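Report on the following structure.
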Amino acid sequence: MIQNSAISAEGPKGADDFRVLAVTSLYPSAYAPLKYAFNRQQISALADLCRLGLVAPIPWPLLRNKRQNDFEEPVPDIPVKRPVFWYLPRLMRTWQGRAYLASIWGAIARMNKQIRPQALFATWLYPDGYAALLAAQRLGIPLTLKVHGSDVLKLGQDPARKALLHKTITQAQALIAVSRHLKETLVEMGASEDKIQVVGNGVNSELFHPADRLEIKKKLNLDPSRRLALFVGNLDPVKGITYALKALAQTPELDLVLVGQGPLLASLRAEAAELGISQRVTFALAKPHETVARYMQACDFLLLPSLSEGEPNVVLEALSTGRPVVASRVGGVPALMRDQEQGFLVEPENADELAKAFKMLLNKNFPEKTLVDSVKDRSWQGGADRILKTMRKTAGAEH
1 MIQNSAISAE GPKGADDFRV LAVTSLYPSA YAPLKYAFNR QQISALADLC RLGLVAPIPW
61 PLLRNKRQND FEEPVPDIPV KRPVFWYLPR LMRTWQGRAY LASIWGAIAR MNKQIRPQAL
121 FATWLYPDGY AALLAAQRLG IPLTLKVHGS DVLKLGQDPA RKALLHKTIT QAQALIAVSR
181 HLKETLVEMG ASEDKIQVVG NGVNSELFHP ADRLEIKKKL NLDPSRRLAL FVGNLDPVKG
241 ITYALKALAQ TPELDLVLVG QGPLLASLRA EAAELGISQR VTFALAKPHE TVARYMQACD
301 FLLLPSLSEG EPNVVLEALS TGRPVVASRV GGVPALMRDQ EQGFLVEPEN ADELAKAFKM
361 LLNKNFPEKT LVDSVKDRSW QGGADRILKT MRKTAGAEH
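According to UniProt numbering, the sequence shown is numbered sequentially starting from 1.
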C-alpha cells in the first residue's frame, strides 16, 4: 500500500446514505496525473450523490524509478486506498484479473469494514471488471460494471480471454455502456440486453466553453493568422495520426497541434519531417485538463482520425467549446455528432478523405451556439444519477 487518504464514514455533504465501493485503475495519480480525467469526473459526480469509497490501484510499472514519498493523494473528499497492482506486462494476460484481485483484496477488505458497501461499481471490462466481479461475489454485494470502448471492442476479439469476459458480463448484475454501439456489442458477446443501460459520458461545461480564439492563440504562443486543427489523446497506432499527417501535407493552409504522449512520439516527429510539415505540427505533449480546454478554444476544429473508438469524451468537449469535429466513422463516434451539421465523419485509414474534410470544414461556418447547445444536457451529474439508480435497484434499495 502506498498511501491512503483519511477515511470518513459520513460521506460528502448532501449525499444520501447508500454506500458504494468503486474499483478502477483508470484514475489519476501522482505518477500519471494527466490521465483518466473522464473517470475522475464520473467518480466525483457519484460521490456527490452517495457515500462512496474508492479503491484505485496503481499499476506497478508506473512506480519504477519513483520514490515512495513522491506520492500525493489526488482524491479530495473521497475515502480512498491506492494499492499497487502487480502483474507481468504483456505476459499471462489471462491471469491478470486474478493478479489484480490479489493486489487489491486487502484494500477492499479494509474499505469494506469502514463503509460497509451495499454495491460495487467498477469501470473497464478487464482486468478491473473481472476482479471486481470476484470481489463482489466474495462480499455478497451486486456489481455494476461500466464499459468504455476499447475494453470491449479490442479485448472482445482476444480468444484467450473470451471466457473471462463472458463470465464478467453475464454474472455482473448490471452493465453501463457509454454508447448504443457498445450495448449491441455486449449483447453479441452474450450479455443480457435487459441488464444493460446506455449512459453516455458527460462534459464539464464550466471548463469547456467558447472563448476568443485569437486571444487564446496568443496566450498559447500559436500563430493567430493560421488555421488550426487539434488532436487530443494518446499517440498510439489506433489513433490513426499518421493519416492525419499525410492529410495535413495536402492542406498547406492548416497547422496541427497534438496534445498527448505515447509510443509513436518519435516516429510521428520523423514522419512530419519526412513530409516537410514539421513547421506546421506542434507536439505539445500531455497537458492538464484545464490546458486542454484552452487548446480547444484556440483551434478551428478537433481532429480524431481513430481506427477504433468507444465514446470519446473529447468530441463532447469540442462541441461544448463550440468547435466542430473531423472524426473517423467508427465505434460510438457517429452517435455523438451529426455529419455535416457538427463537422464531418470520414472513413478510417484514408488520408485523402481526411484532407477533403479539412478543406470543406475550413470553408464552412458552424454556428458556435448551435454546437454548444447540442451537448448542454450532457452532464456528469445527470449520468451519475442514472448509474446510482441502477445500483440501488440491483441492491434492492430503490427510493
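Idealized CB from N, CA, C, for every residue including glycine. Being a predicted model, the structure only gives us computed values, none of them experimental.
- For the pair residue 307 and residue 113, the Cα-to-Cα distance works out to about 44 Å.
- Counting of Cβ neighbours within 10 angstroms places residue 217 among the buried residues, the total reaching 16 or more.
- The beta carbon of residue 146 sits closer than 6 Å to the beta carbons of 123 and 176 from its chain, once the five residues preceding and following it are set aside; these are given in chain order.
- A Cβ-Cβ contact shorter than 9 Å links residue 20 with residue 388.
- The three-state reading of DSSP puts residue 19 in strand, counting E and B together.
- Note on residue 323: 16 or more other CB atoms within 10 angstroms of its CB, so buried under the neighbour-count rule.
- As the crow flies, the alpha-carbon of residue 22 is around 32 Å from that of residue 302.
- Contact check for residue 208 and residue 293: beta-carbon distance about 5 Å, within the 8 Å limit, so the pair qualifies.
- Rounded to the nearest whole angstrom, the CA to CA distance from residue 285 to residue 398 is 45 Å.
- Per the DSSP secondary-structure output, residue 120 pairs in a beta bridge with 21 and 143.
- Here residue 178 is actually not in contact with residue 53; their C-beta atoms are around 23 Å apart, not less than 8 Å.
- In the structure shown, residue 98 falls within a helical segment according to DSSP collapsed to helix, strand and coil.
- With a cutoff of 9 Å on beta-carbon distance, residue 213 and residue 297 are scored as near each other.
- For residue 320, the enclosing alpha helix (DSSP H) covers residues 313-320.
- Under the three-pair Cβ rule at 8 Å, the segment 189-209 counts as touching the segment 41-51.
- In the structure shown, residue 78 falls within a coil segment according to DSSP collapsed to helix, strand and coil.
- For the pair residue 288 and residue 348, the CB atoms are not nearer than the 9 Å cut-off.
- Look at residue 267 here: in three-state DSSP terms it is helix.
- In terms of CA proximity to residue 100, 133 leads the group 236, 110, 133 and 160.
- Look at the segment 136-200 and you find these whole runs of beta strand (DSSP E), each 3 residues long or longer: 143-147, 174-177 and 196-198.
- Separation of residue 221 and residue 240 (C-alpha to C-alpha, rounded to the nearest whole angstrom) is 26 Å.
- When only Cα atoms are considered, residue 261 and residue 37 end up about 15 Å apart.
- Taking every protein chain shown into account, the CB of residue 376 has fewer than 16 other CB atoms within 10 angstroms, so this residue is exposed.
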